[in-house]
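Trainee: Mind having a look at this structure? Questions to follow.
Chains as they are written, first to last, in the numbering used here: chain A, -5 to 402; chain B, -5 to 402.
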């Protein structure tokens, strides 16, 4: 059951000029489901991406990195069902064959196509099914097709994820719309398991690359479901340049700041949607760590809490067994942490200070917050001014069920 | 259900001369269970220990470290039910009060007593119940009481853990016997959640400290259940010196090597017993990593696999979804790992090479091994000569159930 998450209303997903989306049922792994997405970009669109740091990264990630260097991207092709990761040379060939087929379909160069895959690892991609599905995708290409595209990239997701914002850049209204998928193997490290955000703003390529990193760091790189960084994580930002604004070319400008705010808002909404729909999730947990020497140690504490199976099962049980959070903080790798100065709050309830349970703490207050569907865990390290937030979900029977059953 | 683990036969647990154990029902957290253990050492016993690296370490761990510096330990006192961790100054006072009571009971100095606790974190230790239980413990002190002691330190363990060895040191027969408890919050870092091993061998103090570290590194520091390093991990080695051997005082001697082998065998049997009885465990997995540049990177790969919830749930399901193991290897933090050289085997079945699925691999071979109760995951990194083994268990519905219900 996703936590406070609804399917995006199609009419609230704003089309992005110069970006058309087409969907088909290609039968990649299962019949009768939309599992192939083609995104066509008009000429002069700028595209930037960030990808997984997993060393066993997928073949399409390798091809994406290569094709992004050549620039002038005209299309993206996304299949679900098979991740095309752990597939060696044959996987690379399959990914390149997908690009070739898209290039033939749309009349561009294969190096102008970015391929993406998600699904089971170490099984071969049936590239002939991708190729056979492309004409149907091409026939379906429309700018107002984001809702269907969000559905087509789902795997164990129970709901599609999409978000839109409008923002004014120097008097010109521009749109930012994006989709993402998640569910399991979610601990993005530089990016996430397939996020695509497009804007019709004109943005210089170098600036777009900076923007995608900054947006990823404040959104996808703040979430975790199970601590497993996927082999296929990819977050791509498209700027079609059709809005008519003066191109954003200065990272210090007001226009950059405004666009960054809108892109980050869309990306954060998508990243939080992934957590709300994390495999088996029943609770949405925001872990806010403050008082660190730097953001890295705040994130380390946030992830230590977010990855502890004991903390996650306590949230599932609504059990204020909050000493488990202290144990997780103690395991975050901060060797000179003075635990006597650490403060732990659950929402507004002070749980721990002076190395132990707070004198004012009452079990019923902890139990009340733990029973909520949305909970803030607030940790003050009291050793600096840095802060960071990590979003995660709880750990339920259904996580085990989903992942014990996934291939069958 | 523990994996291929039986309760230790009391008659096979060899008494250690100079080490007496007494048990009582003290009602620390629950009534009608043996939850207090007193171990009395004869004079001149040498004691060495290693303890958790968790920064939120328990009050008894702090007191143990302090008392071990003063030397001449005469007693250990262990309670279950309450961990006395995350309890601040009050917890330290409670731990010292336990030592005071033991000292009065046995007629020694409080600094000659080592206190240990295990159970719920951030709840106060009812020290008056410890004190009230000590006379019953003292009345129960016997050298052949190891089996009852192994029971008295259990928390969510389903079976007691104990092991014995006999070894000859320079013609003198000496005994090594130990007990441990585990179950959850098990990812020892320097030591484990309460392991006690005693020998009647005579061993110099400095040598004993070296021996406890080496034995821990080859046993407790190779296991993980859920990746959560406990606040209370403690592994203590006692050498009573009653066997009549010439004291072991040289780490290069044949006697040191023989004793180390016996102590490590007992510690490894206990450590593996903890994994076999890990919370919710249905499978025992040995992850053998070879071909690393150093043991540290081999262990990092082993733990990356052992901590992946996706890998652990696949083992629970007996599902050879083995790409998840490749993804875990890719996340182990070896930035220059050449994945095309990595080989993955399940027992003797070659699963992956050249960055993808092995040509010889057949799904039914993988499925056959995955259905076993004991499985070896063999990873060859092909970049050096180092190797390391990590022992772990799978991740089942029952892990969630046990940890969602633990306090209730």
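Positions of the beta carbon are idealized from the N, C-alpha and C atoms, including for glycine.
By the criterion of Cβ-Cβ separation under 7 Å, what are the contact partners of residue -5/B in chain A?
Mentor: Those within 7 Å of residue -5/B in chain A number zero; the least Cβ separation is about 16 Å.
Trainee: Tell me whether residue 64/A sits in a helix, a strand or coil according to DSSP, three-state version.
Mentor: If DSSP states are grouped into helix, strand and coil, residue 64/A belongs with the helices.
Trainee: Would you kindly work out how many angstroms separate the C-alpha atoms of residue 402/A and residue 311/B, rounded to a whole number?
Mentor: For residue 402/A, the predicted structure reports a pLDDT of 48, less than 50, and the residue's modelled location is therefore unreliable. A value from the coordinates is still provided. Going by the C-alpha atoms only, they are around 10 Å apart.
Trainee: Does residue 69/B come out as helix, strand or coil in the three-state DSSP assignment?
Mentor: Residue 69/B falls in the strand class under three-state DSSP.
Trainee: What's the gap between the Cα of residue 42/B and the Cα of residue 259/B?
Mentor: Going by the C-alpha atoms only, they are around 18 Å apart.
Trainee: Specify, as a first and last residue, the run of the beta strand (DSSP E) that residue 368/B falls within.
Mentor: Where residue 368/B is concerned, the enclosing beta strand (DSSP E) stretches over 368 to 374.
Trainee: How far does the beta strand (DSSP E) with residue 284/A in it extend, from its first residue to its last?
Mentor: Element bounds for residue 284/A: 278 to 286.
Trainee: Looking only at C-alpha atoms, which of 374/A, 323/A, 239/A sits nearest to residue 335/A?
Mentor: Ranking the options by Cα distance to residue 335/A, first place goes to 374/A.
Trainee: Which value, in whole angstroms, describes the spacing of the CA atoms of residue 77/B and residue 145/B?
Mentor: Rounded to whole angstroms, residue 77/B to residue 145/B spans 17 Å at the Cα level.
Trainee: So residue 407/A is in the alpha helix (DSSP H); what residue range does that whole segment cover?
Mentor: Because chain A in this structure spans residues -5 to 402, residue 407/A falls outside the shown range and cannot be described.
Trainee: Per DSSP, what kind of secondary structure is residue 402/B in: helix, strand or coil?
Mentor: Its pLDDT being 48, under 50, residue 402/B is placed unreliably in this model, and the value from its coordinates should be taken loosely. Looking at residue 402/B - three-state DSSP - the assignment turns out to be coil, as it is neither helix nor strand.
Trainee: Between residue 139/A and the rest of its own chain, which residues show a CB-CB distance below 6 Å, the 5 nearest in sequence each way excluded?
Mentor: For residue 139/A, where only same-chain residues beyond five positions count, the Cβ hits under 6 Å are 15.
Trainee: Which residue wins for smallest C-alpha separation from residue 230/A, given the options 157/A, 202/A, 151/A?
Mentor: For the residues 157/A, 202/A, 151/A, the minimum Cα distance to residue 230/A belongs to 202/A.
Trainee: Could you tell me the alpha carbon to alpha carbon distance between residue 97/A and residue 110/A, rounded to whole angstroms?
Mentor: Each residue's alpha carbon lies about 15 Å from the other.
Trainee: Going along chain A, which residues have a C-beta under 8 Å from residue 331/B?
Mentor: By Cβ distance, chain A contributes 49.
Trainee: Any beta carbon from chain B within less than 9 Å of residue 283/A's own beta carbon?
Mentor: No, its Cβ sits nowhere closer than 9 Å to a Cβ of chain B.
Trainee: Could you tell me which residues DSSP pairs with residue 109/A in its beta bridges?
Mentor: Residue 109/A is bridged to 71/A.
Trainee: Step through the CB atoms of chain A and report whether any lies within less than 9 Å of the CB of residue 390/B.
Mentor: At least one chain A Cβ lies under 9 Å of residue 390/B.
Trainee: Please return the same chain residues whose Cβ sits closer than 7 Å to the Cβ of residue 207/B, not counting the five positions on each side in sequence.
Mentor: Around residue 207/B: 44.
Trainee: Return the chain-ordered list of same chain residues with a C-beta closer than 6 Å to the C-beta of residue 236/B, the five sequence neighbours on each side being excluded.
Mentor: These residues qualify, in order along the chain: 11, 12, 194.
Trainee: Can you find a C-beta in chain B that's less than 9 Å from the C-beta of residue 54/A?
Mentor: Chain B, which has no Cβ nearer than 9 Å to the Cβ of residue 54/A, makes this no.
Trainee: Taking 9 Å as the cut-off, decide whether the C-beta atoms of residue 292/B and residue 381/B are in contact.
Mentor: Yes, the Cβ-Cβ distance between residue 292/B and residue 381/B is below 9 Å.
Trainee: Mapping the DSSP letters down to three states, classify residue 306/A as helix, strand or coil.
Mentor: Residue state, collapsed to three classes: helix.
Trainee: Is there a C-beta anywhere in chain A that falls below 9 Å from the one on residue 111/B?
Mentor: So no, residue 111/B is outside the interface.
Trainee: Would you say the segment 163 to 179 of chain B touches the segment 16 to 26 of chain B, given that touching needs at least three Cβ pairs under 8 Å?
Mentor: Contact fails: fewer than three Cβ-Cβ distances are below 8 Å.
Trainee: Using the C-alpha atoms, what's the distance from residue 313/A back to residue 196/B?
Mentor: In a straight line, the C-alpha of residue 196/B is about 48 Å away from that of residue 313/A.
Trainee: Which bits of chain B does residue 323/A rub up against, with CB to CB less than 7 Å?
Mentor: Here the neighbours are 50.
Trainee: Closer than 9 Å between beta carbons: that is the criterion. Which residues of the segment 92 to 119 of chain B meet it against chain A?
Mentor: Within the segment 92 to 119 of chain B, the residues whose Cβ lies closer than 9 Å to some Cβ of chain A are 114, 115, 116, 117, 118, listed in chain order.
Trainee: With DSSP as the reference, label residue 214/A as helix, strand or coil.
Mentor: Helix at residue 214/A.
Trainee: What first and last residue would you give for the alpha helix (DSSP H) that runs through residue 298/B?
Mentor: 289 to 301 is the extent of the alpha helix (DSSP H) around residue 298/B.
Trainee: Which first and last residues belong to the alpha helix (DSSP H) in which residue 90/A is found?
Mentor: Per DSSP, residue 90/A belongs to the alpha helix (DSSP H) from 82 to 100.
Trainee: Near residue 152/B, what residues of its chain come up, given a Cβ to Cβ distance below 6 Å and the 5 sequence neighbours on each side ignored?
Mentor: So the qualifying residues of the chain are -4, 271.
Trainee: Taking any Cβ of chain B, which residues in the segment 218 to 252 of chain A have a Cβ under 8 Å from it, in chain order?
Mentor: For the segment 218 to 252 of chain A, which is checked against every Cβ of chain B, the residues closer than 8 Å are 220, 221, 222, 223, 224, 225.
Trainee: How about residue 66/A and residue 106/A: do their beta carbons lie closer than 9 Å?
Mentor: Closer than 9 Å, so yes.
Trainee: Starting from the N-terminal side, write out each stretch of the alpha helix (DSSP H) that is 4 residues or longer and does not extend beyond the segment 117 to 154 of chain A.
Mentor: Entirely contained in the segment 117 to 154 of chain A, the alpha helix (DSSP H) runs reaching 4 residues are, in chain order, 121 to 133, 140 to 146.
Trainee: Taking 9 Å as the CB-CB cut-off, is residue 214/A touching chain B?
Mentor: No, no contact with chain B.
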